[in-house]
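Novice: In the working numbering, the protein residues as written are 61 to 711. All C-beta atoms, glycine included, are put in the ideal place defined by N, C-alpha and C. Have a look at this one before I ask anything.
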Amino acid sequence: MFQIQTLQPTYLPPPFHHQRHRIHAASRPSSTTLAVPLSTSNKNPSIQSLCKKGQLKQAIYLLTHEENPIQHTYELLIRSCAQQKNLSDAFTVHRHLIDNGFDEDPFLATKLIDMYSELDSIQHARKVFDEITNKTIYVWNAIFRSLSLSGYGEEVLSLYRKMNRIGMPSDRFTYTYALKACVVSESRISLLCHGKEIHAHILRHGYEGHVHVMTTLVDMYAKFGCVENASFVFSSMPVKNLVSWSAMIACFSKNGRPFEALELFREMMLESGDMLPNSVTMVSVLQACAAVSALEQGKLIHGYILRNGLDNILPVMSALVTMYARCGDLDLGRNVFNQMEKRDIVSWNSLISSYGIHGLGSEALAVFQEMVQQGMSPSPISFVSVLGACSHSGLVDEGKLIFDSMVKEHGIHPTVEHYACMVDLLGRANRLDEAAKLIADMRDEPGPKVWGALLGSCRIHCNVELAERASRRLFELEPRNAGNYVLLADIYAEAKMWDEVKRVKKLLEARGLQKVSGCSWIEVRRKIYSLKSTDELNPQIEQIHALLVNLSKEMMEKGYVPQTKVVLYDLDAEEKQRIVLGHSEKLAVAFGLINCSKGETIRITKNLRLCEDCHSFTKFISKFANREILVRDINRFHHFKDGECSCRDYW
DNA sequence: ATAGGGTTAG
C-alpha cells in the first residue's frame with residue numbers, strides 16, 4: 061500500500077564539477093572557515109537575498125561555487141525550493157547537501173522532510189527519514205506530520221508503535237500528529253481504537269493539561285462521531301481556549317446535535333468574556349442555526365460578523381448563504397451572495413443547493429450555467445447540488461443532460477453520491493425501471509445511498525417488489541439504520557400487507573432498533589419550541605389539540621380527507637384519523653396559529669419527510685386560515701399558500 | 001542551539 065520509491069533518475073541533478081571530500085559538518089576544521097572569511101560573509105548574504113527574492117536558480121548557481129556552505133544556507137535554499145514548488149532544484153540542493161556532509165544533520169533532515177512533503181513527494185520525505193541515523197524527536201515528528209498530510213494514517217501509527225518500541229519518548233507534537241493520523245486514514249477501517257490507545261498514552265505521560273493536545277483529542281473523537289467521548293475530554297480540560305471551544309461546538313454541529321452546539325456557544329459567551337469568537341467559531345454556529353432553522357439567532361450572528369469584520373471570509377459568507385436558505389429565507393441568502401466581493405466554488409454551490417431545497421430547479425440550473433460561463437470549474441459537489449435541485453423539481457431530462465456532461469464536458473467522474481442523485485431523480489419521477497437499470501450498469505458498488513434513494517422512490521410510488529430488492533441490500537449494508545425498516549414497513553402498510561408489516565417490525569425490534577420519532581419545531585420570538593406527538597410538556601398542548609380537532613372537523617366538511625394509509629397499524633378508520641391528527645407537524649401548525657401574529661409566515665422544521673396527510677392538511681389550512689406556512693422537511697421546503705404547495709405535490 | 005501543533009464553508 062505504502063511504497064518507498066527511489067529518486068527518479070530523470071530528476072537527478074547533473075554531477076558537480078568540483079567533487080568534494082565528504083566532510084562531516086561537525087568535524088570540519090575551523091581553519092577552513094577562517095581561511096575564507098570574506099567569501100563566506102559575502103556569498104551567504106547573497107544566497108540569502110537571492111532566496112528572498114525568489115531567484116532560486118541564481119542562488120543554486122552561487123551554491124555550486126560556495127566553498128563552505130553552512131547549515132543556514134541550506135535551510136534557506138530548502139525553504140525556497142518548497143515555496144517555488146520546484147522538485148528538480150530540490151534534488152540539486154539535496155544532493156549538494158549530501159556531498160558536503162550534511163546528510164546526518166537532523167535539523168536539515170526535518171527541513172528536507174517538510175520540503176518534500178510540500179512538493180507532494182512523500183516518498184522522498186520518507187527516504188530522508190529512513191536514511192538518517194540520528195533521528196531526533198524533531199525528525200520523527202516531521203515524518204509524522206508529512207505522512208498525516210498525505211493521508212497515510214496507518215503508516216504514521218505503525219511508525220509511532222516502532223518509536224515506542226525503541227524507547228524514543230513522544231512529546232506534545234508527537235501526540236497531536238498521531239491523533240491526526242487516526243482520522244486521516246484513507247482506508248475504510250476505523251482507527252478509533254488506536255486513537256483511544258493514544259489517549260491513554262497522553263494521560264499516562266501527564267499531558268492532560270496541555271491545551272493543544274487535548275483539543276486535538278476532542279477533534280479526534282468528534283471526527284469519529286464519538287460525541288460523548290469528545291464532550292468528556294472537553295469538560296475534563298483544565299485550560300480551554302477559543303480553539304478548544306470551537307472544536308467542541310463544531311463537534312456538536314457536525315454530528316447532528318445543533319441544539320447543543322448553540323447551547324455551548326451561549327455558555328462560551330457567558331463564561332469567558334475575554335474570548336471573542338472568530339470566523340471558525342461562527343461557521344459552526346451558523347451551521348447549527350441552519351440545522352434548527354434558527355433564523356432570528358442567525359441574524360444576530362450575521363450582525364456580529366459584520367461588526368467584527370468577518371464578512372470578507374469566504375467560509376463565513378458561504379455558511380451565511382446556506383443558513384439563510386435553510387432557515388427559509390432564500391432572498392436574504394441571495395443578498396449575501398450578491399454582496400460578496402469574491403466567490404469560490406463553495407459559494408456557488410451554496411447558492412445552487414439553496415435554490416434546490418426551495419424547489420426552484422430552473423433557477424438552480426441557471427445559477428449553475430452562469431457559474432460555468434464565468435469560468436468557474438464545477439466541483440463534484442456542484443453536481444450533487446444541481447442534480448438534487450433537478451430532482452426536487454422533477455426536471456428529469458435536464459438532470460440527465462447535466463449528468464452526461466459531467467464526464468464529457470467537465471472531466472468529473474460520477475461517484476456513488478451522483479448515482480444516488482440520479483436514482484432519486486428518476487425514481488421520484490416514477491421511472492423506477494430506469495433507476496434500477498442505472499444501478500445495474502454502475503461500475504462501482506452501489507452503496508447505501510444509492511439503494512436508499514431507490515427505496516425512498518419505491519415508497520412514493522408503492523413498488524413492493526423493487527422495495528424488497530433494495531431493502532434486502534440495505535439491511536446487509538447498514539443493518540442498524542432504522543429508517544430503512546420503517547420505509548419498507550410503510551410500503552407494506554400501504555399495500556395492506558399486514559403480515560409483512562409485522563415481520564419487518566419484529567426484525568426492527570429484534571435488532572434493538574427504534575423508529576425515529578417525528579419531531580417538529582418552530583421559532584417564536586427567538587425561542588425554539590419543539591413538538592412531538594407524544595409530548596405532554598407543552599403548556600398549550602390542550603389548546604393545540606382542541607384547535608386541531610375543530611379545524612379538522614371544519615375542513616372535512618369542506619373536502620379534506622384524512623390520508624390514514626401512513627399508519628402502520630391495522631386499526632379502524634377513526635383510530636387512524638386520531639393518530640395522524642397527532643402528528644408533530646400538525647401540532648406545530650396549530651402552535652404557530654396560536655402564537656404567531658396575523659400575516660406572519662409560520663415557519664416549521666421537521667426531522668422526517670412530510671407525510672401525505674400532513675401535506676394535504678397544511679394545504680387546506682393555508683387557505684382556510686389564510687396563512688402562509690413554510691415547512692422544511694428532511695429534504696426540502698414546502699411553501700403552502702392559498703391551498704397550494706410550492707412542491708406541486710411532487711416531493 | 002535551531003525547528004513544529006489543535007477548530008472552518010457545499
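1. Pair every Cβ in the stretch 645 to 655 with every Cβ in the stretch 593 to 613, then say whether three or more of these pairs are closer than 8 Å.
2. Can you tell which of Q144, K683, L324 and V352 has its C-alpha closest to the C-alpha of E614?
3. State the DSSP-derived secondary structure class of I107, mapped to helix, strand or coil.
4. Tell me the residue span of the alpha helix (DSSP H) that contains E602.
5. In terms of alpha-carbon separation, which member of E268, R696, F700 and T661 lies closest to F677?
6. Taking the alpha-carbon positions, what's the Q347 to I441 distance?
7. Does the stretch 306 to 316 come close enough to the stretch 277 to 297 to have 3 or more Cβ pairs within less than 8 Å?
8. CA-CA distance, Y212 and K240?
9. Going by CA-CA distance only, name the one from T341, F680, L514 and T196 that's closest to L370.
10. Should the stretch 414 to 423 be called in touch with the stretch 432 to 440, which here means at least 3 C-beta pairs below 8 Å?
11. On the DSSP letters alone, give me the boundaries of the beta strand (DSSP E) that F713 sits inside.
12. Return the residue from the list E569, G114 and F162 that minimises the CA-CA distance to A33.
13. How would you label D484, buried or exposed, when you count the other beta carbons within 10 angstroms and need 16 or more for buried?
14. Could you give the distance in angstroms between the alpha-carbon of L116 and the alpha-carbon of R155?
15. Taking the continuous alpha helix (DSSP H) assigned at S332, which residues delimit it?
16. Quickly, what does DSSP pair I664 with across the bridge? List them, please.
17. Can you tell which of G388, L380 and R248 has the C-alpha that lies nearest to the C-alpha of V396?
18. Give the secondary structure of L631 by DSSP, where H, G and I count as helix, E and B as strand, and everything else as coil.
19. If I follow the unbroken alpha helix (DSSP H) through K587, where does it start and stop?
20. Where do the ends of the alpha helix (DSSP H) carrying D559 lie?
21. Do V640 and V626 come within 9 Å of each other at the CB atom, strictly closer than that value?
22. Look at S717 and P599 and say whether their C-beta atoms are less than 9 Å apart.
23. How would you call H473, buried or exposed, if buried means at least 16 neighbouring beta carbons within 10 angstroms?
24. Go through its chain and collect everything with a Cβ distance to F428's Cβ below 6 Å, but skip five positions before and after it.
25. What are the start and end residues of each continuous alpha helix (DSSP H) run of 4 or more residues lying completely inside the stretch 152 to 191, in chain order?
26. Is L534 near W511, with beta carbons less than 9 Å apart?
27. For E704, does the three-state DSSP call read helix, strand or coil?
28. Measure the C-alpha to C-alpha separation of H698 and V691 and round it to an integer number of angstroms.
29. Can you grab the Cα-Cα spacing for the pair R519 / V216, in whole Å?
30. Kindly indicate which three-state DSSP category P440 falls into: helix, strand or coil?
31. In the structure shown, what three-state DSSP assignment does F651 receive?
32. Could you say which of S439, Q357, K283 and P337 lies nearest to N368 if we only look at CA atoms?
33. May I ask which residues mark the beginning and end of the alpha helix (DSSP H) holding R221?
34. Is L628 near the ligand COA, in the sense that its beta carbon is under 8 Å from a heavy atom of that ligand?
35. Suppose you measure from the CA of F62 to the CA of L207; what does that come to, to the nearest Å?
36. How long is the line joining the alpha carbons of E401 and N372, rounded to whole angstroms?
Specialist: Inspection of the coordinates gives the following:
1. yes
2. Considering only alpha carbons, the answer is K683.
3. Per DSSP, reduced to three states, the secondary structure at I107 is helical.
4. I601 to E617
5. F700
6. 17 Å
7. yes
8. 10 Å
9. T341
10. Contact between the stretch 414 to 423 and the stretch 432 to 440 is absent: fewer than three C-beta pairs spanning the two stretches fall below 8 Å.
11. The question about residue 713 has no answer here: the residues shown for the chain are numbered 61 through 711.
12. Limits of the chain in this structure are 61 at one end and 711 at the other, which puts residue 33 out of reach.
13. buried
14. 16 Å
15. Looking at the DSSP string, S332 is not in any alpha helix (DSSP H), and its letter there is neither H nor E.
16. I582 and V691
17. L380
18. It is coil, neither helix nor strand.
19. Per DSSP, K587 belongs to no alpha helix (DSSP H); it is in the beta strand (DSSP E), K587 to K592.
20. W558 to A570
21. yes
22. Since the first and last residues shown for the chain are 61 and 711, residue 717 lies out of range.
23. exposed
24. Closer than 6 Å at the Cβ level, and outside the excluded window around F428, lie I412 and V446.
25. The stretch 152 to 191 contains these whole alpha helix (DSSP H) runs: 166 to 178 and 182 to 191.
26. yes
27. strand
28. 5 Å
29. 46 Å
30. helix
31. helix
32. P337
33. G213 to R225
34. For the ligand COA, the structure offers nothing, since it holds no ligand at all.
35. In this prediction, F62 scores a pLDDT of 27, lower than 50, which makes its location untrustworthy; the coordinate-derived value is nonetheless stated afterwards. If you take the alpha carbons of F62 and L207, they lie about 10 Å apart.
36. The alpha-carbon of E401 is positioned some 8 Å away from that of N372.
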